[in-house]
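S.K.: To start, I am sharing the structure in question, which I have written as structure tokens.
In our numbering, the protein residues as written are 256 to 1069.
So, in structure tokens, the structure goes:
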């Protein structure tokens, strides 16, 4: 059941079993069930009376009168989802009710799901039959019981002298179903009849309820992972996967596939196997892919899977939307994007089957080791396609206008955008060949070779330079030839010689990858020879930390052919201003554990140590270490000495803002250790391995390299749930801290005008910090899940193959 059902379905499916258990534990006592989103305002005195009168069951109908105002829900809604609302149910312990529970339990074992076409709505629809099974069923219509958005048009909610009433009767409980949305004026997301303001006193009651829920820890509790949300390999089990398996996999089939494997492996293999209904050329279409296609009329309209073009278009959509729109686990997407043509089987379907069945290897690793998929290539993204993809991604922002279009027009528009965004390659696509200048024109002594010239601060000890070296790791892992062209930087900042043997001023390859930010890109003109600038396809890898890309940097677009964005946060920011393709291309994160050396950094040997690290040149207001200090102090009593906060800071020789305050803090609190100065990459890893957890209550991050590195090392991370780090963080792999968006203060960051960033919830962070120190099992779980998460999406073989596929498209589309 845990596999077949999502969290809502599973919670409702076990309802009869739980009631049976209570009957066995306390024979003869009635059971009353209430949903968790109910506010009880009275003592429910009528229930004792009704059970004393001999009723076996008590039900409350959704509505006690017809609804004909043209809004939702209406009478037809209740015919579909059930006459009675199962947020409340009262049952007496009688032979008749026990018989009903046995039947209901058997039905819910396989058919507790939302499938209105088949007449199912989790556990609720089945109970429409209860009054026909039992004689003593009370249909209770008292307006004070189970008041909710679905009957509010018939029930006047009022507060009188501190007491709540419904149509003058004492209000016993109100059911706030669907009230958890983000809009402050939302009354319930399941209806369009009431807002918080138009609901009158019921709106005030909802405000009170929300305040109580927040006070009881909603922010932290809402981030707890679903216990059955992952298989034994740590792969997230998406609702689409559950629906596919319960539709196409019979219990005996699961049992047969599981021989020698865990159940999760059997499910994974089933979902990743070629769809037998679809030809597997020129690209593979898995069972899971086809299942998603059957559930989406827009995809069916845009992509005809009986044609090669349709399959290619759908395949391209899946690679781009699988992670971003559908939020599938990367394991169900990256094997397709990281395919290798080496040792290619006869068809894509055979390649896919071979990769899935390879013993001991996931398809992603199998592809990276020379086996894997035959023809899986990243889909074409010419400029017109990128514009269409941007338009699709912006529909949410344009919804106030989009919803005024007739349904037929909206459908036709979406179909056209989907086809355009993921169309097969055309001559209009950007190509490397189009940018290559003849050798005699530029004085080139030798023809350019396929590969990448990494241009940037090769040996620098700062963020952009580290990102270049991370990119190099991905290129190495994927076998992409590359050379480095070093840009000038103060010698004191040149400490990393790991790529010194790859420096080649001749720049022998046909692609330039500029690892400098947009504001520095124009300076390349003064450092590179003309033939090095214009004889190659030019790509810029830019970092930016706020939601709006500065207009003053737009001139840099003229110097490049496309932009690679290391995070989807950067991609969204740049794409809104870019006339060139903006491609999501993460950098590799790959650090290995080393022995701890606490004595070197002055960290007490027996304490639980939290690490905060930042560069003062990156603006202390954005990095926000003050919030980490505040959360740390709020988490522990001043006299507690088994915890340590390590603050690693550099850049103080250039920017001194905040440094003296940190020194004073370290001097006044023996639990705080301040580590100043620039560390080599190896020394930084030693420091990370000498601590137990990492804190980043940042206001905004372009990527979040130190966060990703800490996760790779298995360290639990407490981080603001905002900006670039959200590409590799989930609620189960990091301690994500709620926030509110606030304006960037005047001169708080370059180009601050009209910008916003996050203000993290310090109290929520303090609760996480305290739990990590006090709950070793929780800390291990978060650390291990974080390690697996970063490995799945930022390992060098994963990021490197994304580069390979992008270059393959650019060369193929000539």
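Just so it is clear, CB atoms sit at the ideal spot from N, CA and C, and this is done for glycine as well.
Quick caveat: nothing in here was measured; it's all calculated off a predicted structure.
What does residue 370 pair with, by DSSP beta-bridge criteria?
M.R.: Taking the first residue of the chain shown as position 1, residue 370 is located at position 115. BP columns for residue 370 point to 375.
S.K.: I'd like to check one pair, residue 902 with residue 1024: are the Cβ atoms closer than 8 angstroms?
M.R.: In the chain shown, residue 1024 corresponds to position 769, counting from 1. In the chain shown, residue 902 corresponds to position 647, counting from 1. No, these two residues do not count as a Cβ contact at 8 angstroms.
S.K.: What residues in its chain sit with their C-beta under 6 angstroms from that of residue 954, if we drop five residues either side in the sequence?
M.R.: Your numbering for residue 954 matches position 699 in the chain shown. 877, 879, 1012 and 1013.
S.K.: Nearest-angstrom Cα distance between residue 870 and residue 737?
M.R.: Position 615 of the chain shown, counted from the start, is the residue given in the question as residue 870. Position 482 of the chain shown, counted from the start, is the residue given in the question as residue 737. Residue 870 and residue 737: Cα-Cα distance of roughly 29 angstroms.
S.K.: Looking only at its chain, what residues have a beta carbon closer than 7 angstroms to the beta carbon of residue 907, apart from the 5 residues adjacent to it on each side?
M.R.: Translated into the one-based positions of the chain shown, residue 907 becomes position 652. Here the set comprises 871, 914 and 931.
S.K.: If distances are taken between C-alpha atoms only, which option among 961, 979, 982 and 978 comes closest to residue 972?
M.R.: To locate residue 972, count along the chain shown from 1; it is residue 717. Cα-wise, what sits closest to residue 972 is 961.
S.K.: Could you give the C-beta distance for residue 525 and residue 500, rounded to a whole number, given that I count them as a contact under 8 angstroms?
M.R.: Your numbering for residue 525 matches position 270 in the chain shown. Your numbering for residue 500 matches position 245 in the chain shown. The pair is a contact, with the Cβ atoms about 7 angstroms apart (cut-off 8 angstroms).
S.K.: Have a look at the DSSP bridge pairing and note the partners of residue 569.
M.R.: Working through the chain shown from its first residue, we reach residue 569 at position 314. Paired residues: none, contrary to the question.
S.K.: Taking residue 789 as part of the alpha helix (DSSP H), name the residues at either end of that continuous run.
M.R.: Residue mapping note: residue 789 aligns to position 534 of the chain shown, counting from 1. Residues 785-789.
S.K.: Does DSSP put residue 406 in a helix, a strand or coil?
M.R.: Position 151 of the chain shown, counted from the start, is the residue given in the question as residue 406. In this structure, residue 406 counts as coil in the three-state DSSP scheme.
S.K.: What are the residues that DSSP puts in a beta bridge with residue 1015?
M.R.: Indexing the chain shown from 1 puts residue 1015 at position 760. 994, per the DSSP bridge assignment.
S.K.: List in chain order: all unbroken alpha helix (DSSP H) runs of 4+ residues lying wholly within the segment 826-882.
M.R.: Segments of the alpha helix (DSSP H) lying fully in the segment 826-882: 853-856 and 875-878.
S.K.: Give the straight-line distance between the Cα atoms of residue 861 and residue 885, rounded to the nearest whole angstrom.
M.R.: As a working note, residue 861 is residue 606 in the chain shown. As a working note, residue 885 is residue 630 in the chain shown. If I take the Cα positions, the gap works out to 23 angstroms.
S.K.: Closest to residue 956 by C-alpha separation, out of 320, 826 and 836, would be which residue?
M.R.: Within the chain shown, residue 956 is the residue found at index 701, counting from 1. Closest option to residue 956, Cα to Cα, is 826.
S.K.: Suppose the cutoff is 6 angstroms on Cβ atoms and the five residues either side in sequence are ignored; what does the same chain contact list for residue 269 look like?
M.R.: Indexing the chain shown from 1 puts residue 269 at position 14. None.
S.K.: How close, in whole Å, do the beta carbons of residue 588 and residue 566 come, if the pair is a contact with beta carbons under 8 angstroms?
M.R.: As a position in the chain shown, residue 588 is number 333, starting the count at 1. As a position in the chain shown, residue 566 is number 311, starting the count at 1. Residue 588 to residue 566, Cβ: 16 angstroms. No contact.
S.K.: Ordered along the chain, which non-local residues of its own chain (more than five positions away) have a Cβ less than 6 angstroms from that of residue 674?
M.R.: If you number the chain shown from 1, residue 674 lands on position 419. Cβ neighbours of residue 674 beyond the five flanking positions: 557.
S.K.: In whole angstroms, what is the alpha-carbon distance linking residue 755 and residue 741?
M.R.: Working through the chain shown from its first residue, we reach residue 755 at position 500. Working through the chain shown from its first residue, we reach residue 741 at position 486. The straight-line gap from Cα to Cα measures roughly 9 angstroms.
S.K.: Thinking residue 982 and residue 841 are a contact (beta carbons under 8 angstroms), I'd like their distance in whole angstroms, please.
M.R.: As a working note, residue 982 is residue 727 in the chain shown. As a working note, residue 841 is residue 586 in the chain shown. At roughly 7 angstroms, the Cβ-Cβ gap stays under 8 angstroms, so residue 982 and residue 841 are in contact.
S.K.: Would residue 351 and residue 303 qualify as a contact pair, given that the criterion is a beta-carbon distance under 8 angstroms?
M.R.: For the purposes of this step, residue 351 is taken as the residue at position 96 of the chain shown. For the purposes of this step, residue 303 is taken as the residue at position 48 of the chain shown. No.
S.K.: Under the assumption that residue 431 contacts residue 294 (Cβ atoms under 8 angstroms), give the Cβ distance between them as a whole number of angstroms.
M.R.: As a first step, residue 431 is located in the chain shown; it is residue number 176 there, counting from the start. As a first step, residue 294 is located in the chain shown; it is residue number 39 there, counting from the start. The pair is a contact, with the Cβ atoms about 6 angstroms apart (cut-off 8 angstroms).
S.K.: Compare the Cα-Cα distances from residue 793 to each of 415, 435, 1062 and 830 and report the closest residue.
M.R.: As a first step, residue 793 must be located in the chain shown, where it is residue number 538. The shortest C-alpha separation from residue 793 is found at 1062.
S.K.: Could you give the residue range of the alpha helix (DSSP H) that holds residue 1062?
M.R.: Counted from its first residue, the chain shown places residue 1062 at position 807. Where residue 1062 is concerned, the enclosing alpha helix (DSSP H) stretches over 1051-1067.
S.K.: To the nearest whole angstrom, what separates the beta carbons of residue 551 and residue 530, a pair I think is in contact under 8 angstroms?
M.R.: By one-based count along the chain shown, residue 551 stands at place 296. By one-based count along the chain shown, residue 530 stands at place 275. So it is not a contact: roughly 15 angstroms between Cβ atoms.
S.K.: Opposite residue 708 in the DSSP bridges: which residues?
M.R.: Mapped onto the chain shown, residue 708 falls at position 453. Answer is 738 and 767.
S.K.: Using DSSP bridges, identify the partner residues of residue 930.
M.R.: The residue labelled residue 930 in the question sits at position 675 within the chain shown. For residue 930, which the question treats as bridged, DSSP gives the partners 903.
S.K.: Going by C-alpha to C-alpha distance, which of 713, 306, 291 and 723 sits closest to residue 283?
M.R.: To locate residue 283, count along the chain shown from 1; it is residue 28. It is 306.
S.K.: Are the CB atoms of residue 577 and residue 822 nearer to each other than 8 angstroms?
M.R.: Walking along the chain shown from the start, residue 577 turns up at place 322. Walking along the chain shown from the start, residue 822 turns up at place 567. No, the pair does not count as a contact, with Cβ atoms beyond the cut-off.
S.K.: Buried or exposed: where does residue 632 fall if 16 or more other Cβ atoms within 10 Å of its Cβ makes it buried?
M.R.: Counting from 1 along the chain shown, the entry for residue 632 is found at position 377. Bear in mind that a pLDDT of 33 at residue 632, under 50, signals an unreliable position, so the model cannot answer this.
S.K.: Is it buried or exposed for residue 381, if we count other Cβ within 10 angstroms and need 16 for buried?
M.R.: Residue numbering aside, residue 381 sits at position 126 when the chain shown is read from its first letter. Buried, because 16 or more other Cβ atoms sit within 10 Å of the Cβ of residue 381.
S.K.: For residue 551 and chain C, any beta-carbon pair shorter than 8 angstroms?
M.R.: Looking at the structure shown, chain C is missing, and only one protein chain is on hand.
S.K.: Taking the continuous alpha helix (DSSP H) assigned at residue 757, which residues delimit it?
M.R.: Within the chain shown, residue 757 is the residue found at index 502, counting from 1. No alpha helix (DSSP H) holds residue 757; DSSP gives it neither H nor E.
S.K.: Pick from 449, 724, 535 and 367: whose alpha carbon is nearest that of residue 564?
M.R.: For the purposes of this step, residue 564 is taken as residue 309 along the chain shown, with counting starting at 1. Cα-wise, what sits closest to residue 564 is 535.
S.K.: Under DSSP, the beta strand (DSSP E) around residue 413 begins and ends at which residues?
M.R.: Start at 1 with the first residue of the chain shown, and residue 413 comes out as number 158. 412-415 is the extent of the beta strand (DSSP E) around residue 413.
S.K.: So, for residue 271: in the same chain, excluding its five sequence neighbours on each side, which residues have a beta-carbon less than 7 angstroms away from its beta-carbon?
M.R.: Working through the chain shown from its first residue, we reach residue 271 at position 16. Excluding positions up to five away in sequence, the list reads 356, 359, 360 and 363.
S.K.: In the DSSP output, which residue or residues are listed as bridge partners for residue 421?
M.R.: Taking the chain shown and counting its residues from 1, one reaches residue 421 at position 166. DSSP lists 412 and 424 as partners of residue 421.
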